[in-house]
Structure formats: structure tokens, C-alpha cells
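Enquirer: Taken in sequence, the protein lines are chains A and B. Take the position in the first sequence, starting the count at 1, then add 224; the result is the number in the numbering used here. Take the position in the second sequence, starting the count at 1, then add 832; the result is the number in the numbering used here. The beta carbon of each residue, even a glycine, is placed where N, CA and C say it ideally should be.
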Amino acid sequence: MVLADNAFEEPLIELRRRIEELEGYPEGSDHAKELEKLRVALAKQTAEVYGSLNRWQKTLVARHAGRPYVLDYIDHLMEDWVEIHGDRRFGDDPAIVAGFATFRGQSVAVVGHQKGRTTKSRIHRNFGQPRPEGYRKALRVMKLAEKFSRPVLTFIDTPGAYPGIGAEERGQAEAIARNLIEMASLRVPIVVTITGEGGSGGALALGIGDRVYILEYSTYSVISPEGCAAILWKDQSRKAEAAEALRLTAPDLIQLGVVDSVIPEPLGGAHSDPEVTCQRVGEVIEKSLNDLAPLEIESLLAQRYAKFRALGAYEEK
Amino acid sequence: MAWFKKKKKPLPAAAEDRPRSTVPEGLWVKCDGCREVIYSKELKLNFRICPKCSHHFRIDAEERIRLLLDGPSKAHSTSVDPEDATAPPSQPEPVPADLFSRIQSTDPLAFTDSKKYLDRLKSYTEKVGSSDAVIVVDGTIEEIPVVLAVMQYRFMGGSMGSVVGEKVTRAAERALAAGKPLIVVSASGGARMQEGVLSLLQMAKISSALARLRQANLPYLSILTDPTTGGVTASFAMLGDLNIAEPGALIGFAGPRVIEQTIRQSLPDGFQRSEFLIEHGFLDMVVARPELKATVARCLRHFA
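1) Roughly how many whole angstroms lie between the Cα atoms of A1152/B and V415/A?
2) Given the structure, does V415/A come close to the ligand HEM, in the sense that its CB is under 7 Å from one of the ligand's heavy atoms?
3) Below 6 Å CB to CB, which residues in the same chain sit around R896/B once its five sequence neighbours on both sides are set aside?
4) V978/B CB to nearest chain A CB: under 8 Å?
5) Check distances from the C-beta atoms of the segment 1055 to 1079 of chain B to those of chain A and list, in chain order, the residues that come in under 7 Å.
6) Along the chain, which unbroken stretches of the alpha helix (DSSP H) at least 4 residues long are found entirely within the segment 868 to 906 of chain B?
7) Helix, strand or coil for I1038/B per DSSP?
8) Excluding the 5 residues preceding and the 5 following V285/A in the sequence, name in chain order all residues of the same chain whose CB lies nearer than 6 Å to its CB.
9) Taking C-alpha atoms, which residue in L1099/B, T1060/B, L1109/B, S955/B lies nearest to S991/B?
10) What residues from chain A crowd round D945/B, counting only those whose CB sits closer than 8 Å?
11) Any beta carbon of chain A sitting closer than 8 Å to that of Q1104/B?
12) Are the CB atoms of T378/A and L430/A nearer to each other than 8 Å?
13) Does the separation of the CB atoms of A1041/B and A1004/B fall below 8 Å?
14) Please work out which residues of its chain come closer than 6 Å, Cβ to Cβ, to H908/B, disregarding the five sequence neighbours upstream and downstream, and give them in chain order.
15) D381/A and G198/A - do their beta-carbons sit closer together than 8 Å?
16) So the candidates are A333/A, P235/A, I308/A; which of them puts its Cα closest to the Cα of K361/A?
17) Going along the chain, which residues of its own chain have a beta-carbon closer than 7 Å to the beta-carbon of P1122/B, five neighbours each way excluded?
18) When you compare the CB positions of A1136/B and L1109/B, do they come within less than 8 Å of one another, or not?
19) Using the Cα positions of A526/A and L1045/B, report the straight-line distance between them to the nearest angstrom.
20) For the candidate residues F889/B, A1086/B, R952/B, L1030/B, whose alpha-carbon lies nearest to that of L877/B?
21) So, with DSSP's three-state summary, where would you put A929/B?
22) Taking the alpha-carbon of P387/A as reference, which of Y956/B, T1094/B, L1071/B, S994/B has the nearest alpha-carbon?
23) Between R952/B and chain A, is the shortest Cβ-Cβ distance under 8 Å, so that the two count as touching?
24) For A391/A, count neighbouring C-beta atoms within 10 Å of its own C-beta (all shown protein chains included) and say buried if the count is 16 or more, exposed if not.
25) Is it true that the segment 271 to 287 of chain A meets the segment 311 to 327 of chain A, where meeting means three or more beta-carbon pairs spaced less than 8 Å apart?
26) If the cut-off is 9 Å on Cβ atoms, which residues from the segment 1028 to 1041 of chain B count as contacting chain A, listed in chain order?
27) Which residues in the same chain have their Cβ closer than 6 Å to the Cβ of A322/A, if we skip the five residues on either side of it in sequence?
28) Residues of chain A with CB under 7 Å from V971/B, in chain order?
29) List the DSSP bridge partners of L284/A.
30) Work out the CA separation of G451/A and H887/B for me, nearest whole Å.
31) Exposed or buried, what is D1101/B when buried is set at 16 or more other beta-carbons lying within 10 Å of its beta-carbon?
32) Over what stretch of residues does the alpha helix (DSSP H) that includes M407/A continue unbroken?
33) Reducing DSSP to helix, strand and coil, say where F351/A ends up.
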């Protein structure tokens, strides 16, 4: 039998199930000892499993439906949420959420990819794959942030921009490109956090900023492992091999200089404790906003330019 | 001499929708547009446009430079790199040397598929003659000084890795420093998979440089040729003050095959072709190859 890709989670799920079962029993019974033993075993096994995930397994964790999405971060970290809708050109794209909120005492603009958790909401959110109007809505909120001098927080979690006929007709490429040039010159601080899948151009279109952070089990890549395997070997099943080759995990991205730092996830991944995950992300964002606030806008823009200007690996012979 | 050239296998990294010959050799060539047989000399004299159906064959970066820039007699200033005279002897008119030919990839991911990435690069360099998938030169177009970057589709499908990103960025910075217009001719399957996320970030890097050019009110013309897809379209190719395409060029974000697989139906005729894009408002003009230079010059005179 071929094991499912996420087989690594199965022993943990089993342990959790047994713990939950025992927790249901009345207190004072002699299950307490057993419960304690199971909890220790779970912690140990979780540490073991998560300590030795390969790149493909991390990709699966990055795609876990229990991970916090942008609306969860807003929910856990912010108040006074005002969501804006529509690109004023064609429509509204539920795959991207944009608006303003109060984050630790200050008004900020928030943009992020939103996936769904039920079949219905997944379809509604188009599995977090934006169409051009999503990127144009994102740009609208960013330009408003610029107008009212509010920092911009972006949350990236998408398999990629949607490849469809309508998306092409309405200029998917132009929408992404426009965001890149506008984010490069936006005259307010931008803090980017990759919270799940950083899927190619669809991710990058929200990805230019003064700080770029990534959650421990998130990925950022030019192409999905499946897509890469299909092109290289005409065989999607070699995705694990492709994931290794693409070097798409957080530690890889640090090494390649693509992200500033990695935000550690709770034991067992972000989905095992969304509250703690959100708080950790909140701490990092708060600190970086404080660091960026005193900078003159011109030096902020100069630093942003230098940051992306330096990316790439080449030699001059 | 063969009457017909054997069909080559498509390039590995090329986001091809259908196999096409790139540079015709041999005495006769079959047109990819109308399937007619054309005498290759006639094709060459006709800007590599089919005399029967006006299908624009793909052309080499050097040929493109020759087509757009004034010849050596009129050239304004060309900082020729002596050790980099890459013009093949068969070509009558030399083109200015690539300004940044020394920039070369270092294989940051140690990427290997059926072949090591570095070996692949080496074999393309030997086959194509350029160090990577773009050439940057100084020159003049109807005596207007410009910085010109031309993508080389034959080099790994014109894919954009760190070297392409760095060279186009330098082209933009050079135009900025000299106060000259920037012209970029795109021909690319998109970001180069073999350099992973670093290829992706080249989109950000180039777009940042273009933001500075825009800030300085310098003209940037994007010329899109067959094919321009993926990360190249989704960054600098779509960001021209004017976006000009050749007729019939495939231009899009996702490749047609990816879209077909996603929506599970076949695509309409003409989808993602230049004419489709101008209809949808993403191009300023579709210009036939013989008029391209004069058109670019006319545009530049309005801006400069």
C-alpha cells in the first residue's frame, strides 16, 4: 500500500484522538496517569515528526486547512475591521481580502489571500487563487493607505494566481506587474508575512515590502512541486523530489536571502495552535512597525530598493 | 543541403504551446502560419515574415538589435567590449556587444534534473552564443540614444533567472543614469525554474528599477514578441509606458496548456494572441516588424 502524503501526521492524530477520549471521562479517575503519559508521548512524537519533515512534507503543512488565514489574523490580532470590496473596474474577488483595522493601537491597511475551509467556502474563495480584480482591489487599499499614511500589512497564502480564460482577458499579468511597481514605490511602510503557500507570481504580487517574514512551515516558490515535476519529468508524482530541488522552505529562503526572518510555529505546526501562531506573528509585525516608523520615507524607499535590488545569484567574470 | 530542415525537439524550458521552428535553416522553410513552403532567402529579405500570410517567425536577439538600432555608421556611442565580439562571421553587419556579458549564473540551488543546470547553461551558451537569455546594448533609434535590452528566446526558452534579472535591472539603471529611454524586447517562457524563488524575485527587482525610471519621467517602451508569458509578462513586459507587440505573438500570464488543464476545455482560436490583447486593452499597438523601428522612434520623439 502506498502511504498517503500526509501519513506523517497519522500517529499524532491517533494520539490526539485518544487524549480527547480520555479527557471526556470524569475527573479523579485513574485515567489521569494514562492521560499524562499520552500527553508526554504526543509532545515527544510531535517534536520528532516535525523535527524531521522533508521539504515536501513541509509543503503539505503549509497547505494545511487548519492554518490561520488572513481573516484569522485579523480576528486574533486586530479590532475595528473595515473590509473594502471591489476593484472599481470589474468586480470583487473573494480570494483576496483587503481593508483597514486597528492593530495594537494603530490603524493599518491589511491585505491577504483568503482560502476557505469548507467545500462551499473553498469554492467561494477560489482556493485562494486570485483573479486580476483581487490584485487591483489590493492595490486600491494600498493606495488608500498611502493617501492616509497608514502602514500596510500583507499576508501571503496562495497556490498562485488563477489560470483561467477570464483572468487572462482581464489582464492577470498586468495586474500582478502593476502591484509590483506600485508596491516598490508605495510611500508607507509595508510588512509582508508569508503564512502558508507562497505560490509564484500570485504571491509576489503582495510580496514587496520593507520586511518580509515567513512562518516556519510556509513555502515560497517560483512553481509548485507538482508543476515542477510535471515539466521536468512529465510526472507529477515526483513532487517530493521537485520540492527538494526547488528549495522552497523557510530555512532555504533565509539562506537565499529572500526573507528577513522565520517566525517559529507552535509544536506541531500553526494549525495545532492558531492562537499562539497569530500572537507570534503579531509580535514580529509590531516590532517591525516600530522599527520602520521613525524612518524618513525617502530612506525607507531607498532601503526597500536595496533589499530587492540585491536578490539573485550571479558572478561577474 | 537538405530541402527541409528536420523538426527539432522543443527546448526543455520553453513554455511552448505548439512546436515551432525558431531560426530557419535550409533552402526551404515551411510556414507555421499557413503551412506554405517559402524560399528561405525570400523569408530573410522579408524580415522573416511569411510573404504569403504575414506570419512573423521568431528572430534572434542579434537580428532584433540590427532591426531596431541604427547601423554602425550612424551609431551614437557604443562601448564595445573588445573581448566580447560575439557576432558570427556570417552576419554582415556587426551589432554592439552585450554590455553585461560577464554576468553569469552560479547555480544557487545546485539544480539537477536530467542534466546539471550549469551544464545546461554551458551547452546553451555554446549553441546560442550569448551568455544568458538577454542582451543589453547602447545604441540609437533614428538617432535617438536608447538603452536596449533584447531577450534571446533560443537561450533556455528566454527564461528569466538571476542573470536576466540583473541585466535588465542594470539596463534600467543605465537608462536612468544617462537620462535615456529604455526599450526592452521580451521573448520568454517566464521565470527560470532552475533558480527557484530567486527567479521569481527578479520580477520584483526589475519592477523596482522601473519604478525609479518612472519617477524620473524617462520613457520605457515594452516590445512584446512571440512568446511572452509567465513572470516576464507579469512584470516588466506589461509595465511599458507603451506596450507594443508584434502580430500574432502569444502573450499571457499562464501558458495555454496550464489553462486548458485547469478549466478542462480547449481554448478559443486567437486566445492570448496580440490581437486578443489589444482588443482587451492591454496593448497600445500591434505593429508589423518592418514598421517597428519607425514606430518606436515616432513614439520616443513624443516623449523625449
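Expert: Once the coordinates are examined:
1) Shown here, chain B extends from 833 to 1136; a query on residue 1152/B therefore has no answer.
2) Judged by which ligands are present, the structure shown has none, so any question about the ligand HEM falls away.
3) Locating residue 896/B in the second sequence gives position 64, counting from the first residue. Closer than 6 Å at Cβ, skipping near neighbours: V982, V1017.
4) The residue labelled residue 978/B in the question sits at position 146 within the second sequence. Interface with chain A (8 Å Cβ-Cβ cutoff): V978/B is excluded.
5) Along the segment 1055 to 1079 of chain B, the positions whose C-beta sits under 7 Å from a C-beta of chain A are G1063, T1065, A1066, S1067, M1070, L1071, read in chain order.
6) As far as the segment 868 to 906 of chain B is concerned, its whole alpha helix (DSSP H) runs of at least 4 residues are 872 to 877, 893 to 900.
7) As a first step, residue 1038/B must be located in the second sequence, where it is residue number 206. The answer is helix: DSSP assigns I1038/B an H, G or I state.
8) In the first sequence, the residue the question calls residue 285/A occupies position 61. Closer than 6 Å at the Cβ level, and outside the excluded window around V285/A, lie Y441, G493.
9) In the second sequence, counting from the first residue as 1, residue 991/B sits at position 159. When the alpha-carbon of S991/B is set against those of L1099/B, T1060/B, L1109/B, S955/B, the nearest one is in T1060/B.
10) Position 113 of the second sequence holds residue 945/B. L456, W457, A469, listed in chain order.
11) Looking up residue 1104/B in the second sequence gives position 272. So, interface residue.
12) Against the first sequence, residue 378/A aligns to sequence position 154. Against the first sequence, residue 430/A aligns to sequence position 206. Yes, the Cβ-Cβ distance between T378/A and L430/A is below 8 Å.
13) Indexing the second sequence from 1 puts residue 1041/B at position 209. Indexing the second sequence from 1 puts residue 1004/B at position 172. Yes, these two residues count as a Cβ contact at 8 Å.
14) Here residue 908/B refers to the residue found at position 76 of the second sequence. Any reading at H908/B must be qualified, since the residue scores a pLDDT of 43, below 50, and its modelled position is unreliable; the value itself is stated next. Excluding its 5 nearest sequence neighbours in each direction, H908/B has C-beta neighbours in its own chain below 6 Å: T972, P977, listed in chain order.
15) Because chain A spans 225 through 541 in this model, residue 198/A falls outside it and cannot be assessed.
16) Here residue 361/A is taken as the residue at index 137 of the first sequence, counted from 1. Out of A333/A, P235/A, I308/A, the CA that lies nearest to the CA of K361/A is found in I308/A.
17) On the second sequence, position 290 is the one that residue 1122/B refers to. Within the same chain, F879 come within 7 Å of P1122/B by CB-CB distance, once the 5 residues on both sides are set aside.
18) In the second sequence, residue 1136/B corresponds to position 304, counting from 1. In the second sequence, residue 1109/B corresponds to position 277, counting from 1. Against a cut-off of 8 Å, the Cβ pair of L1109/B and A1136/B comes out as no contact.
19) Residue numbering aside, residue 526/A sits at position 302 when the first sequence is read from its first letter. Residue numbering aside, residue 1045/B sits at position 213 when the second sequence is read from its first letter. So the alpha carbons of these two residues sit roughly 14 Å apart.
20) The residue labelled residue 877/B in the question sits at position 45 within the second sequence. Closest by alpha carbon: F889/B.
21) Taking the second sequence and counting its residues from 1, one reaches residue 929/B at position 97. For A929/B, the three-state secondary structure derived from DSSP is coil.
22) In the first sequence, counting from the first residue as 1, residue 387/A sits at position 163. Checked all of Y956/B, T1094/B, L1071/B, S994/B; the closest Cα to P387/A is T1094/B.
23) Taking the second sequence and counting its residues from 1, the one referred to as residue 952/B is at position 120. Residue-level contact check: R952/B does not touch chain A, since none of the beta carbons of chain A fall below 8 Å from its beta carbon.
24) Translated into positions along the first sequence, residue 391/A becomes position 167. Result: buried.
25) Judged by Cβ distances under 8 Å, the segment 271 to 287 of chain A makes no contact with the segment 311 to 327 of chain A, as fewer than three pairs qualify.
26) Here the close residues are G1028, V1029, L1030, S1031, L1032, L1033, Q1034, M1035, A1036, K1037, I1038, S1039, S1040, A1041.
27) Indexing the first sequence from 1 puts residue 322/A at position 98. By the criterion of a C-beta distance shorter than 6 Å, A322/A is surrounded in its chain by I308, V335, K361, A362, V365, once the five residues flanking it on both sides are discounted.
28) Taking the second sequence and counting its residues from 1, the one referred to as residue 971/B is at position 139. Correcting the residue type first, residue 971/B is Gly in the shown sequence and not Val. In chain order: nothing, as chain A lies at least about 23 Å away.
29) In the first sequence, counting from the first residue as 1, residue 284/A sits at position 60. Answer is none; L284/A lacks a bridge partner.
30) As a working note, residue 887/B is residue 55 in the second sequence. As a working note, residue 451/A is residue 227 in the first sequence. A direct Cα-Cα distance of roughly 31 Å separates H887/B from G451/A.
31) On the second sequence, position 269 is the one that residue 1101/B refers to. By the neighbour-count rule (16 or more Cβ atoms within 10 Å), D1101/B is not buried but exposed.
32) Taking the first residue of the first sequence as position 1, residue 407/A is located at position 183. Per DSSP, M407/A belongs to the alpha helix (DSSP H) from 396 to 409.
33) Within the first sequence, residue 351/A is the residue found at index 127, counting from 1. The three-state reading of DSSP puts F351/A in helix, counting H, G and I together.
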